[in-house]
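*Asks:*
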Amino acid sequence: ILPNADGLASLVNWANEVMQVGWTTEELRRLSCEEVEQMVLAAYDERFRPEMSQTERSLILEVLDSAWKEHLHYMDYIRSGIGLSSYAQKDPKTEYRREGMSAFQQMWKTIGQQVTSAIFRLEQESSGVIESVFQESAASHAEFQEEPDAPPASGPGQGIDASDFQTNSSDSTPPPVQPIRNFAPQVGRNDPCPCGSGKKYKKCHGA
């Protein structure tokens with residue numbers, strides 16, 4: 007039995023966005039549930055590479071391991087407080103089994119959602135990475151071809167112009183050293199000290 011109109015529209019939107027199939031709700035409404043399932047599986051096999059199988063197994067194992075650990079932690083949490091159910095005239099063992107079964111079913115539902123989301127997200131990210139690498143490689147190749155041709159070097163030091171290391175004796179002569187001159191006015195020993203202390207120079211900085 008196919009889902010209702012809203013569920014069918016959600017399926018079509020998801021398939022068109024993720025697998026880029028271009029389906030319509032009118033097209034699927036005429037099909038049976040088994041036929042729609044076969045269409046989804048065929049579109050998946052056509053859209054995604056066979057190499058994804060190994061990645062799928064790794065993702066499933068990782069999600070299973072994480073979900074099972076969370077489930078065990080949750081069961082420990084239930085066990086620690088299940089005794090309080092006796093105050094509500096309920097059997098603790100029955101309540102523990104009921105809560106455990108509900109949590110177990112929810113765990114499998116969460117696993118399916120996480121695995122599906124991770125696989126399709128991985129495929130989209132992989133395509134983006136490959137396209138980015140291709141663009142960078144093409145840009146580098148174009149930049150290399152724009153450079154002028156240079157003669158090949160046969161060994162270390164080839165391609166270096168020896169004139170770069172030639173020096174001119176006239177250019178290598180250093181300029182004459184200019185003497186340091188003091189253009190500050192001369193201060194007499196009895197004149198006020200230039201530092202502004204008010205003392206005579208001979209009793210301040212001239213001592």
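Numbered by the working numbering, the letters in the sequence shown go through residues 7 to 213 in order. Backbone N, C-alpha and C fix where the C-beta goes; we use that ideal spot for every residue, glycine too.
So for residue 200, helix, strand or coil by DSSP?
*Replies:* Here residue 200 refers to the residue found at position 194 of the sequence shown. Of the three classes helix, strand and coil, the one that applies to residue 200 here is coil, per DSSP.
*Asks:* Report the residue ranges of all alpha helix (DSSP H) runs contained in full by the region 54-112; include only those spanning at least 4 residues, in chain order.
*Replies:* Listed in chain order, the complete alpha helix (DSSP H) runs (minimum 4 residues) inside the region 54-112 are 58-87.
*Asks:* In the structure shown, what three-state DSSP assignment does residue 206 receive?
*Replies:* For the purposes of this step, residue 206 is identified with residue 200 of the sequence shown, where counting begins at 1. Residue 206: strand per DSSP, three-state reduction.
*Asks:* Roughly how many angstroms separate the alpha carbons of residue 204 and residue 192, rounded to a whole number?
*Replies:* Here residue 204 corresponds to residue number 198 of the sequence shown, with the count starting at 1. Here residue 192 corresponds to residue number 186 of the sequence shown, with the count starting at 1. In a straight line, the C-alpha of residue 204 is about 17 Å away from that of residue 192.
*Asks:* Would you kindly check if the distance between the Cβ of residue 31 and the Cβ of residue 14 is under 8 Å?
*Replies:* Here residue 14 corresponds to residue number 8 of the sequence shown, with the count starting at 1. Here residue 31 corresponds to residue number 25 of the sequence shown, with the count starting at 1. In this structure, residue 31 lies closer than 8 Å to residue 14 by Cβ.
*Asks:* Less than 8 Å between C-beta atoms, sequence neighbours within five positions excluded: which residues of the same chain meet that for residue 12?
*Replies:* Residue 12 sits at position 6 when you count from the first residue of the sequence shown. So no residue of the chain qualifies.
*Asks:* Quick one: using the 10 Å Cβ neighbour count with 16 as the cut-off for buried, is residue 34 buried or exposed?
*Replies:* To locate residue 34, count along the sequence shown from 1; it is residue 28. Flag for residue 34 reads buried.
*Asks:* Can you give the Cα-Cα distance for residue 105 and residue 112, rounded to whole angstroms?
*Replies:* The sequence position of residue 105 within the sequence shown is 99, counting from 1. The sequence position of residue 112 within the sequence shown is 106, counting from 1. Spanning the two alpha carbons is a distance of roughly 11 Å.
*Asks:* Measuring straight from C-alpha to C-alpha, what distance separates residue 60 and residue 42?
*Replies:* Within the sequence shown, the letter at position 54 stands for residue 60. Within the sequence shown, the letter at position 36 stands for residue 42. Taking the straight line from one Cα to the other gives about 26 Å.
*Asks:* Out of 96, 74, 72 and 102, state which residue places its alpha-carbon closest to the alpha-carbon of residue 86.
*Replies:* The sequence position of residue 86 within the sequence shown is 80, counting from 1. Residue 86 has its Cα closest to that of 102, out of 96, 74, 72 and 102.
*Asks:* For residue 46, which three-state DSSP category applies?
*Replies:* Indexing the sequence shown from 1 puts residue 46 at position 40. In this structure, residue 46 counts as helix in the three-state DSSP scheme.
*Asks:* For a test of the three-state rule: what should DSSP assign to residue 38, helix, strand or coil?
*Replies:* Looking up residue 38 in the sequence shown gives position 32. Three-state result, residue 38: coil.
*Asks:* Does the distance from the CB of residue 65 to the CB of residue 24 come in under 8 Å?
*Replies:* As a first step, residue 65 is located in the sequence shown; it is residue number 59 there, counting from the start. As a first step, residue 24 is located in the sequence shown; it is residue number 18 there, counting from the start. No, they are not a contact pair.
*Asks:* Express the C-alpha separation of residue 19 and residue 80 in angstroms, rounding to a whole number.
*Replies:* The sequence position of residue 80 within the sequence shown is 74, counting from 1. The sequence position of residue 19 within the sequence shown is 13, counting from 1. Those two C-alpha atoms are separated by around 35 Å.
*Asks:* Would you give the residue range spanned by the alpha helix (DSSP H) that residue 20 belongs to?
*Replies:* Numbered from 1 along the sequence shown, position 14 holds the residue referred to as residue 20. From DSSP, the alpha helix (DSSP H) with residue 20 extends over 11-24.
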